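A short write-up of the structure that comes next.
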Amino acid sequence: PVTMMMPDQAFAATDGQEARLTVRGSGLKVPRFVTLKSDDVNMRAGPGLEYPVTWHYQRMGLPLRVEAEFEVWRKVVDHKGDTGWMHQSVVSLRRFALVTDGSARIYAKPSD
29 PVTMMMPDQA FAATDGQEAR LTVRGSGLKV PRFVTLKSDD VNMRAGPGLE YPVTWHYQRM
89 GLPLRVEAEF EVWRKVVDHK GDTGWMHQSV VSLRRFALVT DGSARIYAKP SD
C-alpha cells in the first residue's frame, strides 16, 4: 500500500515501515532498484539542493534501492544501509550487481 506523506515525515521512516512517499514522482513502482549514472554523485539529507550533502559517491553503476519519491528527488538506500536523497538525473534503471563477500558464481544462463 502507498501512503501519502509530507517530505519531513519521510525522513523519520525506517526500512521496516510500510509508508512510502510518492508525491508527484515518476509513477514507477516503489521500492525499486537503480544505479548511479556517474562517478560523481551527492546524496543529500532531504529532497532539494538546500539540504546538506551527507555522502559523496564515486562509483558509477553502484546499485541503490529507491524507497520514496518527491517530485524529481529519489529517497535511496545504499548497500550499507545509508539513506538519503538524490536527483532523478543521477540514477538509472540500468541493472548492476554488487558482490560484497569477495566471491560470486555467475552463469551465462540458468541451465549452466
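All letters in the sequence shown, in the order written, are residues 29 to 140 by the numbering used here. Note that beta-carbon positions come from the ideal geometry of N, C-alpha and C, so glycine has one too. All figures in this text were calculated on a predicted structure; none of them were measured in a lab.
Length of the line joining the Cα atoms of residue i and residue j
i: K103; j: R93; result: 8 Å
i: Q86; j: Q116; result: 17 Å
i: M77; j: V105; result: Residue 77 is actually Leu in this sequence, not Met. Going by the C-alpha atoms only, they are around 18 Å apart.
i: A41; j: L90; result: Note that A41 scores 44 on pLDDT, short of 50, meaning its location in the model is unreliable; the coordinates nonetheless yield the value given after this. Roughly 23 Å separates the two Cα atoms.
i: W138; j: D67; result: The residue asked about is misnamed: residue 138 is Pro in this sequence, not Trp. Rounded to the nearest angstrom, the two C-alpha atoms are 32 Å apart.
i: M114; j: D140; result: 38 Å
Whole-number beta carbon distance between residue j and residue i, since they are thought to touch under 8 Å
i: R72; j: G112; result: 6 Å
Cβ pair residue i, residue j closer than 8 Å
i: L121; j: M88; result: no
i: R123; j: F61; result: yes
i: F98; j: P75; result: yes
i: V100; j: V69; result: no
Under the three-state DSSP convention, the category residue i falls into
i: S145; result: Outside the shown range of the chain (29 to 140) lies residue 145, about which nothing can therefore be said.
i: M88; result: coil
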